[in-house]
Structure formats: structure tokens, C-alpha cells
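Contents: one structure, followed by commentary.
Protein chains in written order, with my numbering: chain A, 1 to 114; chain B, 115 to 228.
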């Protein structure tokens, strides 16, 4: 009964370092999403995937890459971290878009880039 | 394009007062879904309600109620007899099939003072 699991929960990076955030879901959802949450900005979509092997850009994709090699996993990569990427990152998954059933969110990853 | 506006960034009320959180949305689709999510201080995002565009019935769940009015493109959320545990950030969100993604408002931070 895990739902959506994000790892790690916290991370501090130095500018220029790289890292990968992992999102795993066990609900057989087709769609997966990465959002970032910043004060006064709400949640903004970074990238999303509508199925295994597919990815697409969201509202704020620059500086991030994603991969969906397996249906249950959606990875978010930062190749060269910048202080502007300090944020809380949320992964979500859902049934195929036509249902509009809403998301199941992970618990978030708090990333600080110094 | 689709857009969600939550004009109230922060609201403070005294415990037991009623409070309404406003949400105005924009979409060109005739089929869409509206959501409210709660984010308590612990940080997780909790799904509260989903409403589709064909169902304008108001909904009540305990102390929570939602008023959906297509004529004014609004989906407002009222908490009756507020409690300290209601203190959280509340997000209104919109999903439409043509866009295939959920767009979030910037959130309203509600503080309930004992």
C-alpha cells in the first residue's frame, strides 16, 4: 500500500553537482509527473510522462531531464545544479488523462543547492 | 491554455469562524475537472475533492463544502467552524482533457488562530 514513493526526502547539493530523484509508484498508473513547489508560485509542472518510454516538457523544464524506462518509475535528473533549483519537488501519478481522477502525490523531496 | 487564480494568498481566522477560499479558473474545454488539495505543515499533499464540469451540485463533507458555479468560473471552498487543524495551504487545481495536465493555483495559506 505504498502509493507513490520519492527518494531521497532531503538533499543538499553544491552548485554544479548532479543528482537524480527517483519516483516509484505501485498503482499501475500510466501518467506520471514532476512538479516543483516554490513560495508564492504554487506547483509548477517540470516534465511528465504519459506512459513507459515517453516524456514531455512541462511549464519549467530547463535544467532538468527525465526518464521513464519502466512504467512504475519516473526519474528526474539535475545535470548541473543551480541555486535556482532549490525547491520542494513532488512526484505524482494518475490514471490516463481522460479520467481526470486526480493525482496521487509522493511526500516530496526538499532540495537545497548551495 | 488553462489557468487557476487563487487571489487570497493568506487568510487568518479565529477558531470556530467560517472561512471561504476562492478559486477562479479559465479553460476553453467544455469537459474539465476541478480539485482542491490540502497541504498541512507536514508538507504532504492531500486530495480533498474532485468535481467534473457537468456536475454543478454543491457538495458538503462534514465541515467542508464546495460551491461550483460555471457562470462565474468559480469553485469556492468553505470551512465551517474552523479548527486549528485546518491550518494549511489549500490548492485549487484544474484538469482539462485538451491540456492533459493539472494546473494548480498558487495556493491560499489558511491560519486558524486558537
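Don't be surprised by glycine CBs; every beta carbon is placed ideally from N, CA and C.
For the pair the segment 130-148 of chain B and the segment 186-193 of chain B, tell me if three or more CB-CB distances fall below 8 Å.
Three or more Cβ pairs closer than 8 Å define a contact, and the segment 130-148 of chain B meets that threshold against the segment 186-193 of chain B.
With a 10 Å radius around its C-beta and 16 neighbouring C-beta atoms as the bar for buried, classify residue 69/A as buried or exposed.
Your numbering for residue 69/A matches position 69 in the first chain. Exposed: under 16 other Cβ atoms inside 10 Å.
Just how far apart, CA to CA, sit residue 50/A and residue 94/A?
Locating residue 50/A in the first chain gives position 50, where the first residue counts as 1. Locating residue 94/A in the first chain gives position 94, where the first residue counts as 1. In a straight line, the C-alpha of residue 50/A is about 9 Å away from that of residue 94/A.
Decide if residue 62/A is buried, meaning its Cβ has at least 16 other Cβ atoms within 10 Å, or exposed.
Against the first chain, residue 62/A aligns to sequence position 62. Its Cβ having fewer than 16 others within 10 Å, residue 62/A is exposed.
Figure out for me which residue from 57/A, 113/A, 35/A, 41/A has the closest Cα to the Cα of residue 84/A.
Your numbering for residue 84/A matches position 84 in the first chain. Looking at the Cα atoms, 113/A is the closest of the given residues.
What distance in whole Å lies between the Cβ atoms of residue 129/B and residue 197/B, which are believed to be in contact at a cut-off of 8 Å?
The residue labelled residue 197/B in the question sits at position 83 within the second chain. The residue labelled residue 129/B in the question sits at position 15 within the second chain. Rounded, the Cβ-Cβ distance is 6 Å, consistent with contact.
Shorter than 9 Å from the beta carbon of residue 220/B to some beta carbon of chain A?
Taking the second chain and counting its residues from 1, one reaches residue 220/B at position 106. Yes - at least one Cβ of chain A is within 9 Å of the one on residue 220/B.
Mind listing the chain A neighbours of residue 168/B? Cutoff is C-beta to C-beta under 9 Å, in chain order.
Stepping through the second chain from its first residue, residue 168/B is reached at position 54. Result: empty, since nearest Cβ-Cβ is about 12 Å, beyond 9 Å.
Looking at chain A, is there any beta carbon in it that lies within less than 9 Å of the beta carbon of residue 157/B?
Counting from one through the second chain, the residue named residue 157/B turns up at place 43. Cβ-Cβ to chain A under 9 Å: yes for residue 157/B.
What residue does the beta strand (DSSP E) around residue 191/B start on, and which one ends it?
Here residue 191/B corresponds to residue number 77 of the second chain, with the count starting at 1. First-last of the beta strand (DSSP E) with residue 191/B: 188-193.
At which residues does the beta strand (DSSP E) containing residue 229/B begin and terminate?
Outside the shown range of chain B, which is 115 to 228, sits residue 229/B, and nothing can be said about it.
CB-CB length for residue 111/A against residue 13/A, believed under 8 Å
For the purposes of this step, residue 111/A is identified with residue 111 of the first chain, where counting begins at 1. For the purposes of this step, residue 13/A is identified with residue 13 of the first chain, where counting begins at 1. That belief holds up - the Cβ atoms of residue 111/A and residue 13/A are roughly 7 Å apart, short of 8 Å.
Would residue 164/B pass as an interface residue toward chain A - the criterion being a Cβ-Cβ separation below 9 Å?
Numbered from its first residue, the second chain carries residue 164/B at position 50. Chain A, which has a Cβ nearer than 9 Å to the Cβ of residue 164/B, makes this yes.
So, helix, strand or coil for residue 110/A, using DSSP?
In the first chain, the residue the question calls residue 110/A occupies position 110. Looking at residue 110/A - three-state DSSP - the assignment turns out to be strand.
What does DSSP give as the partner residue(s) for residue 38/A in the beta ladder?
The sequence position of residue 38/A within the first chain is 38, counting from 1. 42/A, per the DSSP bridge assignment.
Using DSSP's beta-bridge definition, name the partner residues of residue 73/A.
Position 73 of the first chain holds residue 73/A. The partner list for residue 73/A (beta bridge, DSSP) reads 24/A.
Inter-residue Cα distance where the pair is residue 57/A and residue 118/B:
The sequence position of residue 57/A within the first chain is 57, counting from 1. The sequence position of residue 118/B within the second chain is 4, counting from 1. Rounded to the nearest angstrom, the two C-alpha atoms are 20 Å apart.
Taking its Cβ as the centre, do 16 or more other Cβ atoms sit within 10 Å of residue 221/B, making it buried, or is it exposed?
Position 107 of the second chain holds residue 221/B. Flag for residue 221/B reads buried.
Within the same chain, show all residues whose beta-carbon is closer than 7 Å to that of residue 152/B, passing over the 5 residues directly before and after it, in chain order.
Counted from its first residue, the second chain places residue 152/B at position 38. Once the five neighbours on either side are set aside, the close Cβ partners of residue 152/B are 160, 162, 202, 204.
Got a sec, what are the start and stop residues for the beta strand (DSSP E) residue 117/B sits in?
To locate residue 117/B, count along the second chain from 1; it is residue 3. Taken as a continuous stretch (DSSP letters only), the beta strand (DSSP E) holding residue 117/B covers 117-119.
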